[in-house]
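Asks: Quick note, the sequence shown lines up with residues 0 to 203 if you use numbering that gives the first Met the number 0.
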Amino acid sequence: MWNDHIWYEGSNATKNYTVENGALKIWPQRDASGQFFNRTIDTDGKYYQTYGYFEIEAKLPIGKGTWPAFWLFNHIGDRRPEIDIMEAYAGGGPNSGWSDANLHPTAYAPTIWLDASRLGGTKTIQTPDLSAAFHKYALKWEPNKMTFYFDGKEVYSANVSMGDPMYIMLDLWYGSASGQPDNTTPTGKTNSYEVNYVRAWKFK
0 MWNDHIWYEG SNATKNYTVE NGALKIWPQR DASGQFFNRT IDTDGKYYQT
50 YGYFEIEAKL PIGKGTWPAF WLFNHIGDRR PEIDIMEAYA GGGPNSGWSD
100 ANLHPTAYAP TIWLDASRLG GTKTIQTPDL SAAFHKYALK WEPNKMTFYF
150 DGKEVYSANV SMGDPMYIML DLWYGSASGQ PDNTTPTGKT NSYEVNYVRA
200 WKFK
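#1: Out of Glu19, Thr146, Asp99, point me to the one whose CA is closest to Thr189's CA.
#2: Roughly how many whole angstroms lie between the Cα atoms of Phe36 and Asn11?
#3: My understanding is that Trp70 touches Ile84, with C-beta atoms under 8 Å, so please give their C-beta distance in whole angstroms.
#4: I'd like to confirm the pairing. Which residues does DSSP put opposite Phe149 in its beta bridges?
#5: Check each candidate in Asn94, Lys63, Val159 and name the one with the smallest Cα separation from Gly120.
#6: Could you give the DSSP three-state label for Thr189: helix, strand or coil?
#7: Could you pull the DSSP bridge partners for Leu171 from this structure?
#8: Quick one: Cα of Gly187 to Cα of Ile111, how far?
#9: Buried or exposed, going by whether 16 or more other CB atoms sit within 10 Å of the CB of Glu8?
#10: For the beta strand (DSSP E) that Pro109 lies in, which residues bound it at each end?
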């Protein structure tokens, strides 16, 4: 069901993910060249869905550069419809609004992209420390509306129409509002983006 790299890249040979005790773990790691590298786990070419309810239960990593995400996506010709259910930026620091002074994530954002440069809506959600415990991140995707949930509570909705089938992505990338990873970024399995489950329901 799952690939371990995004479609336009090969799979990095350095293993920085595993399924252990029923949970997926993806952690920051340097590869053979000494560089941090993106890891994407997705269902591209294997599982797609249009509309429904999508949820993960996850605990997020800490540190400079870390950028975990849970999203729905597709590459259809030149189009790039995308629904980011959760993106967090622990490396931003307290002045960024994304994390605390210890670079623990204290916010995340759902974002809707109608296409690569056409924003359909976004909202930053302030939270407790997302690395301290598991939380549920979810989306109800209907033909004319999207509703996002945090621990079962509605946190954002937008009246948008997106009808393309999309596949599921879980990834640990680096950069954006989290900055670049460095020697302070904790590596190894103990600093994982840890996902207890991924669930997708279809409407009757």
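Beta carbons: idealized from backbone N, C-alpha and C, even for Gly.
Replies: Reading off the structure:
#1: Nearest C-alpha to Thr189: Glu19.
#2: Each residue's alpha carbon lies about 8 Å from the other.
#3: Beta-carbon to beta-carbon, Trp70 and Ile84 are separated by about 6 Å, close enough to satisfy the 8 Å threshold.
#4: Residue pairing for Phe149: DSSP places it in a beta bridge opposite Tyr136, Lys152.
#5: When only C-alpha atoms are compared, the closest one is Val159.
#6: In this structure, Thr189 counts as helix in the three-state DSSP scheme.
#7: In DSSP, Leu171 forms a bridge with Arg38, Pro67.
#8: Gly187 and Ile111 have their alpha carbons spaced roughly 31 Å apart.
#9: It is exposed - the Cβ of Glu8 has fewer than 16 other Cβ atoms within 10 Å.
#10: From DSSP, the beta strand (DSSP E) with Pro109 extends over 106-114.
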